[in-house]
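Asks:
In the numbering used here, the protein residues as written are 211 to 508.
(1) Helix, strand or coil for residue 441 per DSSP?
(2) Considering Cα atoms alone, identify which of 220, 254, 424 and 215 is closest to residue 343.
(3) Closest to residue 374 by C-alpha separation, out of 403, 233, 227 and 221, would be which residue?
(4) If you reduce the DSSP assignment to three classes, tell me which class residue 325 lands in.
(5) By the three-class DSSP mapping on this structure, what secondary structure does residue 486 have?
(6) Under a three-way DSSP split, which group does residue 382 fall into?
(7) How about residue 395 and residue 227: do their beta carbons lie closer than 9 Å?
(8) Identify the residues that DSSP records as bridge partners of residue 426: which are they?
(9) Specify, as a first and last residue, the run of the beta strand (DSSP E) that residue 354 falls within.
(10) Take the Cβ of residue 236 as the centre, count every other Cβ of all protein chains shown within 10 Å, and call the residue buried at 16 or more, exposed below.
(11) Excluding the 5 residues preceding and the 5 following residue 508 in the sequence, name in chain order all residues of the same chain whose CB lies nearer than 8 Å to its CB.
(12) Taking only the alpha-carbon atoms, compute the straight-line gap between residue 366 and residue 335 and give it to the nearest angstrom.
(13) Tell me whether residue 436 sits in a helix, a strand or coil according to DSSP, three-state version.
(14) Three-state secondary structure (DSSP) at residue 257?
(15) Three-state secondary structure (DSSP) at residue 189?
(16) How would you label residue 248, buried or exposed, when you count the other beta carbons within 10 angstroms and need 16 or more for buried?
(17) Assign residue 498 to one of three DSSP states: helix, strand, or coil.
(18) Name the one or two DSSP bridge partners that residue 283 has.
(19) Would you decide whether residue 287 is buried or exposed? Buried here means 16 or more other CB atoms lie within 10 Å of its CB.
(20) Given that a residue counts as buried once 16 or more other Cβ atoms are within 10 Å of its Cβ, and exposed if not, what is residue 276?
(21) Out of 495, 292, 447 and 389, point me to the one whose CA is closest to residue 412's CA.
(22) Going by beta carbon distance, what residues of the same chain come within less than 7 Å of residue 409, once the five residues before and after it are set aside?
Structure (structure tokens):
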């Protein structure tokens with residue numbers, strides 16, 4: 211017997227991150243409504259030797275949605291956010307909380323115009339989840355979200371309480387978001403080289419990574435982030451300690467020939483640096499290369 215779908219909670223964008231959240235909810239009997247571009251009858255999350263199947267279907271027609279949701283997990287990439295506008299229009303009302311599971315520090319600015327009635331909650335996603343060639347998703351670490359400490363965030367925390375996905379309500383959310391952005395920015399090097407985490411074992415790549423992270427740190431601090439001098443080395447150490455075959459979403463998109471989230475992950479460093487008069491010489495090289503790799507021409 212299939213579990214009952216809870217139409218009060220929706221996951222828009224059942225990719226790697228969306229599948230992980232949907233599986234976490236399904237495991238505790240809170241199977242969400244699934245919304246996306248491609249019809250599928252189920253989602254599969256692999257965690258070690260365990261496989262969790264989330265029943266579908268994945269809905270593909272927003273006009274078939276009959277009611278707004280109480281909580282929407284928006285898990286589409288920044289390059290797909292315009293395509294999610296129709297879903298947000300039918301799923302969100304004045305009481306709807308929209309938890310944005312996207313990279314970067316500009317979730318509010320990007321999503322609010324598409325969901326003017328919803329209560330937008332930005333999130334920092336800390337877990338590595340990778341889409342596999344068979345359509346399943348592989349989770350390679352503990353699932354955890356950081357959210358700002360607000361009343362809307364507590365709605366998200368309550369929905370995920372008792373699931374495999376831990377939720378931290380952080381008073382220093384902006385600093386955590388900048389730290390994760392620095393980590394995401396470094397992953398752009400993987401997209402340019404077509405290499406996985408093992409590349410950070412090279413001494414020359416390690417030196418470049420640290421120099422880039424120092425540049426990012428200067429901009430983050432100018433934006434008000436409270437991050438110590440040790441953060442660049444800690445981020446590099448995390449990449450070097452990861453399995454050598456660990457990928458990242460921007461590399462996966464590059465390998466598949468899809469548009470890259472280069473602006474929200476890397477371009478933002480140079481943009482915010484210019485606002486504060488901070489030189490960003492490494493960004494000034496990396497960003498045009500990532501933009502060309504993503505958007506062409508050629």
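Glycine included, C-beta positions come from ideal geometry on N, C-alpha and C.
Replies: To lay it out plainly:
(1) helix
(2) 254
(3) 233
(4) coil
(5) helix
(6) coil
(7) no
(8) Looking at the DSSP assignment, residue 426 forms no beta bridge with any residue, so it has no partner.
(9) 353-358
(10) buried
(11) 502
(12) 13 Å
(13) coil
(14) strand
(15) For the chain, the structure presents residues 211 to 508; residue 189 sits outside this window and is missing.
(16) exposed
(17) helix
(18) 221 and 309
(19) buried
(20) exposed
(21) 447
(22) 400, 403 and 415
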